[in-house]
Structure formats: C-alpha cells, structure tokens
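The numbers in the sequence shown follow my numbering, run straight up by one, and end at 919.
Let me begin by presenting the structure, written as structure tokens, before commenting on it.
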Amino acid sequence: MPQVEKNNTISQYFVVQTYVKPTPTDPFVLPTWLRVKNRLTLASPSNYIHTPAREVQRVRPGVEDTDAMAIINLLTSPWALAGALVAVVAYYAYPYFVTYGYFRGIPAPFPAQFTNWWLLYACRRGKRYLIVDEVHKQLGAVVRIQPNHISIADDEAIPIIYGHGNGFLKSEFYDAFVSIKRGLFNTRDRAEHTRKRKMVSHTFAPKSISQFEPYIAENLELFVNRWDELAEKSPRGDKTAHVDCLKWFNYVAFDTIGDLAFGAPFGMLKAGADIAEVRMSVDAPPIYAPAVEILNRRGEVSATLGCLPSIKPYAKWLPDPFFSQGLAAVENLAGIAIARVKDRLDNPPNINRTDLLARLQEGRDEKGEPLGFQELTAEALTQLIAGSDTTSNTSCALLYYVAKTPGVIRKLQQELDAAIPDNSTKVPDYESVRNLPYLEAVINETMRIHSTSGIGLPRQIPEGSQGIHLHGHYFPAGTVLSVPTYTIHHSREIWGPDADEFRPERWENATTRQRNAFIPFSYGPRSCVGRNVAEMEMKMIASTWLRRYDVFLRQEVMETREGFLRKPLALEIGFKRRSA
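Right, here's the structure in full:
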C-alpha cells in the first residue's frame, strides 16, 4: 500500500475512533489540535469520515491554540469571574436564608451570620472573650456569633444549657482538641463520657482528695526552697529577688500535676526551667522540649480551629505559622504524655501510690477490659492539661490583684498568721487553710474577674429532640448555644456597678443569684471533675507564699492572651522574706 493511502486510512480511523459517535443529527466539534485547512470544522461525523486525510493536519500546540489556553481564557473571562463570585455568595447566603433562616432575626456582627471565619479570626487574635463581650454590649443578650452558634449572655440560661438532664452535647468545637484518642474532656458521646468520668470521679471526691496533699506539699516545699535561695542570693545585696512569678507558678503547677498524674514531677522546680521529656511514639527516642510553651500553643491553636474543625487536617499548610507551630505543639504534648506513661509502666513504683494514674489503671474500657495504652495515655494527658496552667494562671492572677489592691495582702496575712501561728512551717496543711473565709473570698474574686476560661463553652441541642424556647427565641435540634463566662462574670446587672473592680469583700454577702452565676469550673455534668483538687492546690499555694514573703509588683498591667484559657503573659515582681 502506498504511504499516502496508508496514512489516509490511519487518519480516518483515528478521527472516527477517537470520539464517541453521536447521532447523525448531533453537532460535532473538531478539537483545536485537529485542523482542516487551518480552520475549525463544524460537521457531522460523516463529514470526518469522508474528509481526505491529507487535508487533516496535525498541528503542534501553540500558545494561542491549545486546549489549556482555551480553558485559561474561559476561567479569566469576565463571565467566569462573575460566576465564581455568584458561587461564593451562594455558598454563604444559602445557609443564611435557608438552612438557618430561622435565626435571621437574631443580631450578629457582620459577617458572623454567614461564616465561621469571623469567630475563628477573633480566636486567632487571642481576644475572643473581649470581642464577644463587646458584641453583647452593642447588640444585646442574644447574639449570633456563628451561622449556627448563638451566644446568650443571661445567667438564667446557665442551667438550661449546661444543666443535668437536658441532653445537650458538646459541640464539634471539641473535635479540634482530640489528640491520641478522645479523653474525658473532648468526648462528645454521653455514654462514653459517663464511663470515663466514673473512672476518676470518686478519686476527686471531697473525702478522697486528702490522699493528694503529701504530693502537693512536697512540691511546694521545693518551691519555697528555691524562692528562699533567690532572695538570699540577690545580686543587689538586699535579699530581695526579682522574678517573673508566672514561670515559677508554672513550674510548681506542672511538677505537682506530673506527680499526681504520672507518678513523678517533671523536675522544673529543681532545674528552674521549662523542660519535659517527649516521645513521639512508645519506641521513639526521647527528646526534651518546653512543656509550658507547648501547652500554651496547643490551647491557642485548638481553640481557634475549634471554630472550624473541618480545616484541622489542612491547617498546617496555611500561610500563618501559628497553625503549623500549634499543630506541632499538639503532637509534642501528646509525646509528653506518652513518655511519662511509658516510664511509669516500665518502672512501677516500689510503694502503692494513690495517684491519678493508679486510678486510671484500675479503670475499664467499653468492653470491660483494662484500659489500653492509648486510652490510658489520653486520659493522663487530660489530667495534665486540666491541672497545670489552669492552676498557674489563677495563682499568677491572684498575686497580681492582691498586690495591686491596697489592704488585701495585709488582711490575708493577718488571717493566715492567726490560723497558723507556727512560723517554722513552710507549707501550711490543707486543713488549716481550707475554711478561711477571706482567703476563699480572694480566690473566688480572682476566678470571677480573671475567669480561667472566659469563652462560652458550646453545647449542641441533640438531633431528634424538639428543640427549646429560650429568651424569646426557638432553637431547633442541632443548634449550638453557649453562655459567655467572662461577660456573665463582669455583668453589672449581676455584680453591681463595681463589677470590673477586684473586691473580695463582695463575697461576704454574695446573693444567691451571684453564687449561681459564678461558673469558673463550668456547670452540670460536664463541669470540671477535678474542682476539689484545684481548690485545695490554689489555697495551699496562696497561703504558702503569703505567709512567707512580702511581694510587690514591678509592672503596672498584667497582659493576657486567650487560647482555651485566659493566660497571663508574664508578671514581674519582687519579693523578700517577711520579718518575724
């Protein structure tokens, strides 16, 4: 067969076989890379079959005639840009008008009614509690802060949203906090939460917490020894030390919870530094990292991603390093728990320790079996997070406010001196300070004005329920509701015109409404299970330094930043031993 005829046959076969044969009446468009006499041909398939192959030329793709260029031209055309804009608007407008149309009458800061990004941005700035509080002042008690999240600044809503028996669930916000495995804090299933809480609830009962006092006292004694050394070795020769007290409160809080949750302190007080062993897996070699910094970053990124948890798997690729560094901190924090649990299991104590890890080891999973390593580690991690910077943040805030407010330190020291006359005692026993009224008032006032967590903890009305009527609005199943703690704790309607002032004396005659509106440990079945231990630790820490030292502030304002918790950034103080 001559070469020309052979090419003819091949070309015709190629044209026919390359395309799905439409019906003869359907139009057929020849692609740009096949040209007949350098022009596009519109015809039926029969035209292609009878077109001489020598007139069908293969043209090398050029800038002006490739399919890619055609697509680019289409995408950059005004119509394409307009279409994309319409699609974006529809994506956000449809939920507003249709999915959550029944919320359109609830005021919202633009664009919170359309997108979760508004609240995420507020969290990223580290001031969510202040931004939401300002929104309530401008728009009222009921405000929409996400398309499906309503914030209600009314203390009467607390038992309705957080109380026993309502069936409300933790929202998807808590999915962003999951690490290793769901723990007591971030599990959303009610039955699973009940099982997990039972493992430790009896350990935190008022009659049981005395078993933890020796571990708290031992770490506090080391804290006192280190502060005595700092004062004695003052470079100024005046036996007055200058320190960032937040660091030292972090050290004592982390060492104490390390002792309680893992069976041994981290060694921060001894080293005078923020350091902890990390293992990325059970068999991985140990590395050392700053645990306090890791915990801070983890809290900030998790609270931010909790506003839009669906982006968590992709957040490390966002251009803001806040996310990649925060997610690395999540992994490192899990690594701290892995390292400590592994060390405890590999080197069991010679004596029976009545600590949290021992109680967890007695727990059972959903099948009635002993907890596996992952769940054991996840629960120990929950205790580490709950019992570390919560205590140190509050202790730091307490020192700031009592040192700033005239007369408070003197009144506290008088109460403590009367209750504990023995000056040789470095660390008061808990029974001696447990029921001191002014000390308790100071701690309560600190947790009111400096809420441990100032955000509204989100709860979701369970699917299949009838919804609820609240504050003149109907909220159907699936709605997320919250009560902003900071706003409630600073409400002038509840606390009076001096709500923004630190005044412990208000607790001497606190009303029933004020006590019910005081929720530093949350409320209901998902409230802080370790509240009794936290109160014991805070009273022992405060009474220890108040009895032993005179302190003064070396900065006027204590700056704070919010992740899940409201954290002081630093607090420079001076202290010296009290005169006999």
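Each residue gets a CB set at the ideal place from its N, CA and C atoms; glycine is no exception.
Option nearest residue i by Cα separation, candidates the options
{"i": "Gln551", "options": "Arg618, Ile499 and Thr693", "result": "Here the sequence assigns Phe to residue 551, which means Gln is not the residue at that position. Here the closest residue by C-alpha is Thr693."}
{"i": "Asp685", "options": "Leu751, Phe601 and Arg749", "result": "Phe601"}
{"i": "Leu885", "options": "Ala780, Glu714, Asp756 and Phe661", "result": "Asp756"}
{"i": "Asp622", "options": "Ala736, Phe712 and Phe891", "result": "Phe712"}
{"i": "Arg787", "options": "Ser518, Ser771, Ile596 and Ala736", "result": "Ala736"}
{"i": "Arg831", "options": "Arg529, Ser490 and Asp472", "result": "Asp472"}
{"i": "Asn487", "options": "Tyr777, Lys750, Trp587 and Cys646", "result": "Cys646"}
{"i": "Pro776", "options": "Thr415, Asp577, Glu895 and Arg845", "result": "Arg845"}
{"i": "Ala615", "options": "Ala461, Val741 and Asp682", "result": "Asp682"}
{"i": "Met897", "options": "Leu796, Tyr739 and Lys915", "result": "Tyr739"}
{"i": "Ala849", "options": "Glu779, Val669, Gly817 and Asp577", "result": "Glu779"}
{"i": "Gly611", "options": "Asp583, Ile633 and Ala603", "result": "Asp583"}
{"i": "Gln452", "options": "Asn525, Pro417 and Ser490", "result": "Ser490"}
{"i": "Leu459", "options": "Ala480, Ile484 and Gly444", "result": "Ile484"}
{"i": "Ile833", "options": "Ala856, His812, Phe814 and Phe841", "result": "Ala856"}
{"i": "Ile748", "options": "Arg887, Lys572 and Glu568", "result": "Arg887"}
Same chain only: Cβ atoms within 6 Å of residue i, ignoring 5 sequence neighbours per side
{"i": "Gln342", "result": "Any reading at Gln342 must be qualified, since the residue scores a pLDDT of 44, below 50, and its modelled position is unreliable; the value itself is stated next. Around Gln342: no qualifying Cβ."}
{"i": "Ala628", "result": "Val617 and Asn671"}
{"i": "Gln931", "result": "Missing from the structure shown is residue 931; the chain here goes from 340 to 919 and no further."}
{"i": "Ile650", "result": "none"}
{"i": "Lys476", "result": "none"}
{"i": "Asn505", "result": "none"}
{"i": "Ser771", "result": "Ala758 and Ile759"}
{"i": "Leu585", "result": "Cys735, Pro907, Ala909 and Leu910"}
Contact belief for residue i with residue j at Cβ below 8 Å, rounded distance in angstroms
{"i": "Ala725", "j": "Val680", "result": "So it is not a contact: roughly 16 Å between Cβ atoms."}
{"i": "Pro624", "j": "Ala678", "result": "Pro624 to Ala678, Cβ: 10 Å. No contact."}
{"i": "Val631", "j": "Asp659", "result": "No, Val631 and Asp659 are not in contact; Cβ-Cβ is about 22 Å, not under 8 Å."}
{"i": "Ser620", "j": "Phe516", "result": "No, Ser620 and Phe516 are not in contact; Cβ-Cβ is about 21 Å, not under 8 Å."}
{"i": "Glu895", "j": "Pro843", "result": "So it is not a contact: roughly 21 Å between Cβ atoms."}
Element boundaries [beta strand (DSSP E), containing residue i]
{"i": "Arg900", "result": "Thr899 to Glu901"}
{"i": "Ser641", "result": "Premise fails: Ser641 lies in the alpha helix (DSSP H), Ala630 to Leu644, not in any beta strand (DSSP E)."}
{"i": "Glu616", "result": "Ala615 to Val617"}
{"i": "Phe449", "result": "First-last for Phe449: undefined, no H or E at that position."}
{"i": "Asp583", "result": "Ala580 to Asp583"}
{"i": "Ile807", "result": "Ile807 to Leu809"}
{"i": "His316", "result": "In the structure as shown, the chain begins at 340 and stops at 919. Residue 316 is therefore absent and cannot be evaluated."}
Neighbourhood of residue i by C-beta, 7 Å cutoff - its chain only, sequence neighbours within 5 removed
{"i": "Lys466", "result": "Glu901"}
{"i": "Leu904", "result": "Gly638, Asp728, Thr729, Asn732, Thr791 and Ser792"}
{"i": "Lys906", "result": "Asn635, Asp728, Asn732, Thr899 and Arg900"}
{"i": "Gly863", "result": "Tyr501, Gly502 and His503"}
{"i": "Tyr825", "result": "Tyr468, Asp472, Ser790 and Gly793"}
{"i": "Glu754", "result": "Leu775, Tyr777 and Leu778"}
Three-state secondary structure (DSSP) of residue i
{"i": "Pro660", "result": "helix"}
{"i": "Ala736", "result": "helix"}
{"i": "Tyr825", "result": "helix"}
{"i": "Leu908", "result": "coil"}
{"i": "Ile489", "result": "strand"}
{"i": "His503", "result": "coil"}
{"i": "Ser549", "result": "helix"}
{"i": "Tyr888", "result": "strand"}
{"i": "Glu344", "result": "Because Glu344 sits at a pLDDT of 43, beneath the cut-off of 50, its placement in the model cannot be relied upon, and the point is left open."}
{"i": "Ala849", "result": "coil"}
{"i": "Ile388", "result": "At Ile388 the pLDDT is 40, less than 50, meaning the model places this residue with poor confidence and gives no usable figure here."}
{"i": "Glu597", "result": "At residue 597 the sequence reads Gly, which differs from the Glu that was named. Helix."}
{"i": "Lys750", "result": "helix"}
{"i": "Pro709", "result": "strand"}
{"i": "Val591", "result": "helix"}
{"i": "Ser882", "result": "helix"}
{"i": "Ser518", "result": "strand"}
{"i": "Val482", "result": "strand"}
{"i": "Ile626", "result": "strand"}
{"i": "Val766", "result": "coil"}
Other residues of its chain near residue i: CB distance less than 8 Å, five sequence neighbours each side excluded
{"i": "Met875", "result": "Ile548, Phe551, Glu552, Ile555, Tyr769 and Arg773"}
{"i": "Thr883", "result": "Leu559, Phe562, Val563, Lys765, Val766 and Pro767"}
{"i": "Ala717", "result": "Ser518, Ile519, Lys520, Arg521, Gly522 and Ala676"}
Extent of the continuous alpha helix (DSSP H) run through residue i
{"i": "Ile912", "result": "Here Ile912 belongs to no alpha helix (DSSP H); instead the beta strand (DSSP E) covers Glu911 to Arg916."}
{"i": "Glu770", "result": "Tyr769 to Val772"}
{"i": "Val868", "result": "Counting along the chain, Val868 falls outside any alpha helix (DSSP H), and DSSP gives it neither H nor E."}
{"i": "Pro532", "result": "According to the sequence displayed, residue 532 carries His and not Pro. Here the alpha helix (DSSP H) through His532 covers Arg529 to Ser540."}
{"i": "Glu840", "result": "No alpha helix (DSSP H) holds Glu840; DSSP gives it neither H nor E."}
{"i": "Arg463", "result": "Trp456 to Arg463"}
{"i": "Pro574", "result": "Note, Pro574: premise wrong, no alpha helix (DSSP H); not H, not E."}
{"i": "Gln894", "result": "No alpha helix (DSSP H) contains Gln894, which DSSP labels as neither H nor E."}
{"i": "Asn783", "result": "Pro776 to Ile788"}
{"i": "Glu319", "result": "The structure shown does not extend to residue 319, since the chain spans only 340 to 919, so no value can be given for it."}
{"i": "Ala610", "result": "Met607 to Ala610"}
{"i": "Arg692", "result": "No alpha helix (DSSP H) holds Arg692; DSSP gives it neither H nor E."}
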